[in-house]
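Peer 1:
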Amino acid sequence: MTDTDLPGIYRNYIACLNMQDWPKLGQFVDDDVHYNGQRIGLSGYREMLERDFREIPDLYFDIQLLVSDSPYIASRLAFACTPSGKFLGLAVNGKKVSFTENVFYKFRGNKIEQVWSVIDKAAIEAQLPAQ
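If you're matching positions, the sequence shown starts at 2 in the working numbering and goes up one per residue.
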């Protein structure tokens, strides 16, 4: 695989998430995927994403930065959304918040096999009244 293949695959993966096209998720994510060091498998990954969209109905993944060095992708994702209740342990409760996520992916072939994610929780906290 060349470096030029991964960015296109990644953009299609993000489009799949934004369309909530869950049956298609397996085209991009390995059956044995690991998330932040824990094996959750494709079904666990899908459950996590479905839960995110239930709790954040207007969730939209916006790629701000994308770097590819095969077999890795590094991405900075931006979000402006309205979590309905608690999010990352914070009582957001329907307030619109903006934050970013820095995420790294390791691909095996054309599929994501490892995901390492860090969400800027401090940015969300700064937008909420003192809790």
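Just so you know, even glycine gets a beta-carbon here, dropped at the ideal spot from N, CA and C.
Would the beta-carbon of Y73 fall within 8 Å of that of Y106?
Peer 2: Counting from one through the sequence shown, the residue named residue 73 turns up at place 72. Counting from one through the sequence shown, the residue named residue 106 turns up at place 105. Contact: yes.
Peer 1: If the criterion is Cβ atoms closer than 8 Å, does the pair G27 and L7 meet it?
Peer 2: To locate residue 27, count along the sequence shown from 1; it is residue 26. To locate residue 7, count along the sequence shown from 1; it is residue 6. It is not a contact, given that the beta carbons lie outside the stated cut-off.
Peer 1: Taking the continuous alpha helix (DSSP H) assigned at A124, which residues delimit it?
Peer 2: Here residue 124 is taken as the residue at index 123 of the sequence shown, counted from 1. Its alpha helix (DSSP H) spans residues K122 to A127.
Peer 1: From E56 to D70, what does the alpha carbon distance come to, in whole angstroms?
Peer 2: Taking the sequence shown and counting its residues from 1, one reaches residue 56 at position 55. Taking the sequence shown and counting its residues from 1, one reaches residue 70 at position 69. Each residue's Cα considered, the two are about 33 Å apart.
Peer 1: Which residues bound the beta strand (DSSP E) around M44?
Peer 2: Residue 44 sits at position 43 when you count from the first residue of the sequence shown. First, the amino acid is wrong: residue 44 is Ser here, not Met. Where S44 is concerned, there is no enclosing beta strand (DSSP E), although the alpha helix (DSSP H) it sits in stretches over G42 to E56.
Peer 1: Evaluate D33 with the Cβ neighbour count: other Cβ atoms within 10 Å of its Cβ, from every protein chain shown; 16 or more gives buried, anything less gives exposed.
Peer 2: Translated into positions along the sequence shown, residue 33 becomes position 32. Exposed, by the Cβ-count rule.
Peer 1: Can you say whether I64 is buried or exposed, counting buried as having 16 or more other CB atoms within 10 angstroms of its CB?
Peer 2: Looking up residue 64 in the sequence shown gives position 63. Classification of I64: exposed, given that the 10 Å Cβ count is below 16.
Peer 1: Check each candidate in L18, N94 and S76 and name the one with the smallest Cα separation from L129.
Peer 2: Numbered from 1 along the sequence shown, position 128 holds the residue referred to as residue 129. L129 has its Cα closest to that of N94, out of L18, N94 and S76.
Peer 1: Going by beta carbon distance, what residues of the same chain come within less than 8 Å of I125, once the five residues before and after it are set aside?
Peer 2: Taking the sequence shown and counting its residues from 1, the one referred to as residue 125 is at position 124. For I125, where only same-chain residues beyond five positions count, the Cβ hits under 8 Å are F88, L89, L91, V93, V98 and F100.
Peer 1: Can you tell me which of E48, K112 and W117 puts its alpha carbon nearest to the alpha carbon of R77?
Peer 2: Position 76 of the sequence shown, counting from 1, holds the residue named residue 77. Selected option, being the one with the closest Cα: W117.
Peer 1: Please specify which runs of the beta strand (DSSP E), each continuous and at least 3 residues long, are wholly inside the region 50 to 118, giving them in chain order.
Peer 2: Within the region 50 to 118, the complete beta strand (DSSP E) runs of at least 3 residues are 63 to 70, 73 to 82 and 98 to 109.
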